[in-house]
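2 protein chains.
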Amino acid sequence: MAVTIRDVARQAQVSVSTVSRALSAPGLVKEATRQRVLDVVAGLGYQPNRAARSLITGRTGNLGIVVPDLTNPFFPAVLRGVQTRAGEAGTSVFFCDSREDPAAEAELVRTMAAQVDGVVLCASLVSDETVAELAALTPLVLINRIVPGVSSVLMDSAAGMGQVVAHLESLGHNDFVYLGGPAAAWSNNRRLRGLGGRARLLGSFEPNFGGGVAAAERAVEAGATAFIAYNDLMALGVLSHLAALGIEVPRRFSVTGFDDILYAAMCSPALTTVHMPAEEAGEVAVDLLAALIAGGPAEHRELPTTLVVRSSTAAPHSRT
Amino acid sequence: MAVTIRDVARQAQVSVSTVSRALSAPGLVKEATRQRVLDVVAGLGYQPNRAARSLITGRTGNLGIVVPDLTNPFFPAVLRGVQTRAGEAGTSVFFCDSREDPAAEAELVRTMAAQVDGVVLCASLVSDETVAELAALTPLVLINRIVPGVSSVLMDSAAGMGQVVAHLESLGHNDFVYLGGPAAAWSNNRRLRGLGGRARLLGSFEPNFGGGVAAAERAVEAGATAFIAYNDLMALGVLSHLAALGIEVPRRFSVTGFDDILYAAMCSPALTTVHMPAEEAGEVAVDLLAALIAGGPAEHRELPTTLVVRSSTAAPHSRT
DNA sequence: GTGAAAGCGCTAACAC
DNA sequence: GTGTTAGCGCTTTCAC
Chain A
182 MAVTIRDVAR QAQVSVSTVS RALSAPGLVK EATRQRVLDV VAGLGYQPNR
232 AARSLITGRT GNLGIVVPDL TNPFFPAVLR GVQTRAGEAG TSVFFCDSRE
282 DPAAEAELVR TMAAQVDGVV LCASLVSDET VAELAALTPL VLINRIVPGV
332 SSVLMDSAAG MGQVVAHLES LGHNDFVYLG GPAAAWSNNR RLRGLGGRAR
382 LLGSFEPNFG GGVAAAERAV EAGATAFIAY NDLMALGVLS HLAALGIEVP
432 RRFSVTGFDD ILYAAMCSPA LTTVHMPAEE AGEVAVDLLA ALIAGGPAEH
482 RELPTTLVVR SSTAAPHSRT
Chain B
182 MAVTIRDVAR QAQVSVSTVS RALSAPGLVK EATRQRVLDV VAGLGYQPNR
232 AARSLITGRT GNLGIVVPDL TNPFFPAVLR GVQTRAGEAG TSVFFCDSRE
282 DPAAEAELVR TMAAQVDGVV LCASLVSDET VAELAALTPL VLINRIVPGV
332 SSVLMDSAAG MGQVVAHLES LGHNDFVYLG GPAAAWSNNR RLRGLGGRAR
382 LLGSFEPNFG GGVAAAERAV EAGATAFIAY NDLMALGVLS HLAALGIEVP
432 RRFSVTGFDD ILYAAMCSPA LTTVHMPAEE AGEVAVDLLA ALIAGGPAEH
482 RELPTTLVVR SSTAAPHSRT
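Chains as they are written, first to last, in my numbering: chain A, 182 to 501; chain B, 182 to 501.
This is the structure we're talking about:
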């Protein structure tokens, strides 16, 4: 078996409680004693057993994050942010991919709740009631969703969408179509709202490449001059399908995305999209979670988004 | 506090050990008793305290995975596979991104070791000795790396590289350059070996988009007709830089990648690359880990890779 | 400032 | 087939 607190106590010639205090409440032991204990700890390579500690404190020192689709680069970016901030506090993080399934999502959170101090829930697809229920189960921070009484960090989709519309209108477009994501996605409704009724709604489509391909098929018949996709993955699908059809972008149609994943800059034409600070959102979510765990009230944070103009948008029916 | 095993025992009119057995060793209790216990468990919504269980059994029911770069879509795919298989066994999984830093990688594994039953280590950058040391610390499964005595699952880079070379040669190329990844990456050496000396080595470069851009700058001066990139992300960077330079692919240069991430199919020209069964590798890694945890010997599994020919390769200096 | 002792919730001998 | 009991390794009163 590994080295325990007793081994340390014996070798440092103190009691186990002193060892415990030296590690978790340094102020309560004489500096000299503390130093002696710490030396022994280092010498023995002692690591407190987290299960034992957890059994007594009721805290696990772990966090969980649930995302709808790990293959969408947006979410790994959030994961990174979460891990970065959590790691600074010595906290480990569990991840789960719900594969866009609301039932799985709720179940995953419930399972996690038993073994973490809190969970970050991204782009949730469950009902407000379920979110509230989950939040009652464990400290919960939502990313890109608002439910009253539950902490959340938002990347401002509505404002971003406003910029998209303004950009397209300044280019001379006045008939665009919104290629919608999952109807259950809060972000989808938020973006739709940001449109302010100035776009026709098509879909919903799956929020991935395939969904974009499907959307493009429908969109070309819609007679609009610009397509606003729910997210970049869809926009990439749209671009791909249009290219396959021999339809030029942005000459024939302008296309925009949302998220600013790396590939938005790499595709051809490079995608005009709304940049989302995904990694930062992950970090902020951990902060909110920490506050919640410490007993604070639910908080809400909004992160700014910015339009990134690239080459997939231009004035209608002309080359700029 | 939450409901404990005692609450269940009391209400089911049995001892705590019977409850424990009903849940973890169903064969040891009478069916009727078991059913009664299960009913109470369901009624009370009892969930065994994992810390307490772990304290006694020495098992956590958790797994960890460490990857070098979450923003490379290849790794989230592996994560997915790991979670899928682990989830089937009720196992949760911790993740960590080492950001291509060998020291961080080792430290992350050490930290995880204390709170998991085993860890999956992807594309490790540490020395063989460190891997062995880590493997002594906790059940360990390597993905895309071989270290004697340590379990591993390999996606056959060498064979894949062989196919790339054969493909390029069949097209008429006979002077190609390999745009190398991290020198410390086992896969890099493996791929280099798969080349069989038929390519000049350039690099190493960072195994990401930026590294590809840097590599492209150097490659155009090398006078070869085809560029073989260490991975897709680099290849995408190469494509991007060549496009910026107004150099046509594949007319002027053929370019190949490795991994077959989603974006390899989406970029323009679509990338000829080697498909890697990343998700499957994650699943298999969990299987090997389970075997290891059960006390089995280190095992080795090899997964086949396949060349995917798209539009970034063609006969030298001509349009096919 | 430090030690002794009582558990946290559970499993695993060990009895019966 | 079931109950009793002794801890797993740690934190935390409570004494001193």
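Glycine included, every Cβ here is placed at the ideal spot set by N, Cα and C. Fair warning: this is a prediction, and the values are worked out from it, not measured in the lab.
Alpha carbon of isoleucine 237 (chain A) to alpha carbon of alanine 232 (chain B), nearest angstrom: One-based indexing of the first sequence puts residue 237 (chain A) at position 56. One-based indexing of the second sequence puts residue 232 (chain B) at position 51. So the alpha carbons of these two residues sit roughly 9 Å apart.
May I have the straight-line CA-CA distance separating leucine 426 (chain B) from aspartate 278 (chain A), to the nearest angstrom? Here residue 426 (chain B) refers to the residue found at position 245 when the second sequence is read from its first residue. Here residue 278 (chain A) refers to the residue found at position 97 when the first sequence is read from its first residue. Cα to Cα, the separation comes out at about 40 Å.
Counting Cβ pairs closer than 8 Å, one from the region 253–267 of chain B and one from the region 328–342 of chain B, do we hit at least three? These segments do not touch.
Quick one: measure Cβ to Cβ for leucine 443 (chain A) and threonine 252 (chain B), integer angstroms, because I've assumed they're closer than 8 Å. In the first sequence, the residue the question calls residue 443 (chain A) occupies position 262. In the second sequence, the residue the question calls residue 252 (chain B) occupies position 71. For a cut-off of 8 Å, the C-beta gap from leucine 443 (chain A) to threonine 252 (chain B) is around 7 Å, short enough to register as a contact.
Run down chain A in chain order and give the residues with a C-beta less than 9 Å from the C-beta of cysteine 448 (chain B). As a working note, residue 448 (chain B) is residue 267 in the second sequence. Going along chain A in sequence order, the residues near cysteine 448 (chain B) (Cβ under 9 Å) are Tyr444, Met447, Cys448 and Ser449.
Asparagine 243 (chain B) - DSSP class collapsed to helix/strand/coil: Stepping through the second sequence from its first residue, residue 243 (chain B) is reached at position 62. Strand at asparagine 243 (chain B).
Under the DSSP definition of a beta bridge, which residues are partnered with aspartate 337 (chain A)? Taking the first sequence and counting its residues from 1, the one referred to as residue 337 (chain A) is at position 156. Answer by DSSP bridge pairing: none, since aspartate 337 (chain A) is not bridged.
Backbone CA spacing between valine 297 (chain B) and valine 300 (chain A) [nearest angstrom]: Position 116 of the second sequence, counted from the start, is the residue given in the question as residue 297 (chain B). Position 119 of the first sequence, counted from the start, is the residue given in the question as residue 300 (chain A). Cα to Cα, valine 297 (chain B) sits roughly 19 Å from valine 300 (chain A).
Would you check if the region 398–417 of chain B and the region 449–464 of chain A touch, i.e. whether three or more CB-CB distances between them fall below 8 Å? no
Is arginine 191 (chain A) close to chain B, meaning its C-beta is less than 7 Å from at least one C-beta of that chain? Against the first sequence, residue 191 (chain A) aligns to sequence position 10. Not an interface residue.
What's the call for valine 189 (chain A), buried or exposed, on a 16-neighbour Cβ count within 10 Å? Along the first sequence, read from residue 1 onward, the residue named residue 189 (chain A) stands at position 8. Label assigned to valine 189 (chain A): buried.
For alanine 475 (chain B), three-class secondary structure by DSSP: Looking up residue 475 (chain B) in the second sequence gives position 294. Note: alanine 475 (chain B) maps to coil in three-state DSSP.
Is the CB of phenylalanine 275 (chain A) under 7 Å away from at least one CB in chain B? Counting from 1 along the first sequence, the entry for residue 275 (chain A) is found at position 94. It does; some Cβ of chain B falls within 7 Å.
Boundaries (first-last residue) of the alpha helix (DSSP H) holding alanine 410 (chain A): In the first sequence, residue 410 (chain A) corresponds to position 229, counting from 1. No alpha helix (DSSP H) contains alanine 410 (chain A), which is instead part of the beta strand (DSSP E) from 407–410.
Let me check one thing: in DSSP terms, what residues is valine 358 (chain A) bridge-paired to? The count along the first sequence starts at 1 and reaches residue 358 (chain A) at position 177. A:Arg381 and A:Phe408, per the DSSP bridge assignment.
For proline 229 (chain A), which residues in the same chain have their Cβ closer than 8 Å to its Cβ, ignoring the five residues on either side in sequence? In the first sequence, residue 229 (chain A) corresponds to position 48, counting from 1. If we look at proline 229 (chain A) and ignore the five residues flanking it on each side, its Cβ neighbours are Ile186 and Leu204.
Could you tell me whether the Cβ atoms of arginine 381 (chain B) and valine 358 (chain B) are closer together than 7 Å? The residue you call residue 381 (chain B) lines up with position 200 of the second sequence. The residue you call residue 358 (chain B) lines up with position 177 of the second sequence. Contact flag set, yes.
Top-ranked residue by Cα proximity to alanine 424 (chain A), from A:Ser449, A:Phe408, A:Val312 and A:Gly463: Along the first sequence, one-based indexing puts residue 424 (chain A) at 243. Residue A:Ser449 is the option with its Cα nearest to alanine 424 (chain A).
What first and last residue would you give for the beta strand (DSSP E) that runs through arginine 482 (chain A)? As a first step, residue 482 (chain A) is located in the first sequence; it is residue number 301 there, counting from the start. Unbroken beta strand (DSSP E) run through arginine 482 (chain A): 481–484.
Leucine 236 (chain A) touches chain B at which residues, Cβ-Cβ below 9 Å? Here residue 236 (chain A) corresponds to residue number 55 of the first sequence, with the count starting at 1. Near leucine 236 (chain A) (Cβ distances below 9 Å), the residues of chain B are Asn230, Ala232, Ala233, Ser235 and Leu236.
Residues in the same chain with beta-carbon distance under 7 Å from alanine 466 (chain A), minus the five sequence neighbours each way, listed in chain order, please. Here residue 466 (chain A) refers to the residue found at position 285 of the first sequence. Excluding residues within five positions, the ones whose Cβ falls inside 7 Å are Val263, Val301, Val322, Ile324 and Val334.
Histidine 456 (chain B) in three-state terms, based on DSSP: Locating residue 456 (chain B) in the second sequence gives position 275, where the first residue counts as 1. DSSP places histidine 456 (chain B) within a strand segment (E or B) once states are collapsed to three.
Positions along the region 261–273 of chain A whose CB lies within less than 7 Å of some CB in chain B: Taking 7 Å as the upper bound on Cβ-Cβ separation, chain B lies near residues Arg261, Gln264 and Ser273 of the region 261–273 of chain A.
Helix, strand or coil, according to DSSP, for phenylalanine 390 (chain A) in the structure here? Mapped onto the first sequence, residue 390 (chain A) falls at position 209. Phenylalanine 390 (chain A): helix per DSSP, three-state reduction.
Inter-residue spacing [alpha-carbon to alpha-carbon] between serine 492 (chain B) and histidine 422 (chain B): For this step, residue 492 (chain B) is matched to residue 311 along the second sequence. For this step, residue 422 (chain B) is matched to residue 241 along the second sequence. It is roughly 17 Å from the alpha-carbon of serine 492 (chain B) to the alpha-carbon of histidine 422 (chain B).
Extent of the continuous beta strand (DSSP E) to which aspartate 188 (chain B) belongs: For the purposes of this step, residue 188 (chain B) is taken as the residue at position 7 of the second sequence. Looking at the DSSP string, aspartate 188 (chain B) is not in any beta strand (DSSP E); the run it does join, the alpha helix (DSSP H), is 186–193.
Are the C-beta of leucine 417 (chain A) and some C-beta of chain B separated by less than 7 Å? Counting from 1 along the first sequence, the entry for residue 417 (chain A) is found at position 236. It does: the Cβ of leucine 417 (chain A) has a partner Cβ on chain B nearer than 7 Å.
My output table needs one value for phenylalanine 434 (chain B): the three-state DSSP class, helix, strand or coil. Translated into the one-based positions of the second sequence, residue 434 (chain B) becomes position 253. Coil at phenylalanine 434 (chain B), not helix or strand.
Can you list the residues of chain B that phenylalanine 439 (chain A) reaches, using a CB-CB cut of under 8 Å? Reading the first sequence from its first residue, position 258 is the one you call residue 439 (chain A). The contacting residues do not exist; phenylalanine 439 (chain A) stays about 17 Å from chain B at best.
I want to know whether the region 220–229 of chain A touches the region 212–227 of chain B - three or more CB-CB distances under 8 Å. no
Euclidean distance between Cα positions of glycine 245 (chain B) and serine 385 (chain B): For the purposes of this step, residue 245 (chain B) is identified with residue 64 of the second sequence, where counting begins at 1. For the purposes of this step, residue 385 (chain B) is identified with residue 204 of the second sequence, where counting begins at 1. Between glycine 245 (chain B) and serine 385 (chain B), the C-alpha separation is close to 29 Å.
Below 7 Å between beta carbons: does that hold for valine 274 (chain A) and valine 247 (chain A)? Within the first sequence, numbered from 1, the residue matching residue 274 (chain A) stands at position 93. Within the first sequence, numbered from 1, the residue matching residue 247 (chain A) stands at position 66. No. Outside cutoff.
DSSP has glutamate 309 (chain A) in a bridge; who is on the other side? Locating residue 309 (chain A) in the first sequence gives position 128, where the first residue counts as 1. Here residue 309 (chain A) turns out to be aspartate, not glutamate, going by the sequence shown. Paired residue(s): none; aspartate 309 (chain A) is not in a bridge.
Does the beta carbon of threonine 501 (chain A) come closer than 7 Å to any beta carbon on chain B? Here residue 501 (chain A) corresponds to residue number 320 of the first sequence, with the count starting at 1. Low per-residue confidence applies at threonine 501 (chain A): pLDDT is 39, beneath 50, and the placement is therefore not dependable enough to give any value.
Could you tell me the distance, in whole angstroms, from the CA atom of glycine 438 (chain A) to the CA atom of glutamate 212 (chain B)? Within the first sequence, the letter at position 257 stands for residue 438 (chain A). Within the second sequence, the letter at position 31 stands for residue 212 (chain B). The alpha-carbon atoms of glycine 438 (chain A) and glutamate 212 (chain B) are separated by roughly 58 Å.
Counterpart residues of phenylalanine 276 (chain A) in DSSP-defined beta bridges: Here residue 276 (chain A) refers to the residue found at position 95 when the first sequence is read from its first residue. Paired residue(s): A:Ile246.
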